[in-house]
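Input: a single structure, listed below in structure tokens.
Numbering (the working numbering), first residue to last: 61 to 235.
Pasting the structure below:
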């Protein structure tokens, strides 16, 4: 382990914030399909560049972990390199580009092709965590839809995309 950046807490976040996020993670695991909000902290990178996933990683990373960061399926994108360097500086942990060697994998949009093993943690960040949000904006309704496994409206939307455009055209909106 390299020496972490002095003057900062291990993994940048304060211990109280890490505990709060770990509690949210436990709730997310315990209640399938439940979107667990947590109070995001200011990070030294632009909002929307994976800061939620970075905070999850900061909350669970340990001194003996080996970190792999993937962005859009690649290890060499600007975002992946920046996140990997950030954690190397604030934790001193080893990093890797090999899935097999990692104990903690943070990925955006894509799951590694290499099968994971029992001792690996995958932090999977997505741009829009609720896929029904553009079809049904009310949180209470989307929760009910998930509870009842009512996905007919999504299937209709996907069918309409194929009928109109020849392919599924639903994407993340650009703002």
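From the three backbone atoms N, C-alpha and C, an ideal C-beta is built for every residue, glycine too.
According to DSSP, residues forming a beta bridge with residue i
i           : result
residue 129 : 166
residue 229 : Partner(s): none; residue 229 has no beta bridge.
residue 154 : 126
residue 134 : 131
Helix, strand or coil at residue i according to DSSP, with G and I counted as helix
i           : result
residue 76  : helix
residue 174 : coil
residue 66  : coil
residue 99  : coil
residue 113 : helix
residue 140 : helix
residue 91  : coil
residue 81  : helix
residue 118 : helix
residue 71  : coil
residue 223 : helix
Candidates the options, of which the one nearest residue i by Cα
i           : options               : result
residue 75  : 105, 120 and 224      : 120
residue 159 : 71, 168, 175 and 150  : 175
residue 100 : 91, 93 and 82         : 82
residue 196 : 177, 182 and 217      : 217
residue 112 : 168, 205, 150 and 172 : 168
residue 193 : 182, 206 and 220      : 206
residue 199 : 93, 73 and 77         : 93
residue 204 : 95, 72 and 73         : 95
residue 189 : 64, 106 and 110       : 110
residue 66  : 178, 90 and 148       : 148
residue 118 : 78, 140, 220 and 144  : 78
residue 64  : 106, 122, 202 and 89  : 122
residue 108 : 154, 140, 97 and 187  : 187
Rounded Cβ spacing between residue i and residue j (contact assumed at less than 8 Å)
i           : j           : result
residue 103 : residue 85  : Actually they are not in contact, since the Cβ atoms of residue 103 and residue 85 sit about 17 Å apart, beyond 8 Å.
residue 128 : residue 151 : Going by Cβ atoms, the distance from residue 128 to residue 151 rounds to 14 Å, so no, they are not a contact pair.
residue 172 : residue 165 : 6 Å
### Ordered list of beta strand (DSSP E) runs contained in the stretch 179-221, each at least 3 residues
181-185
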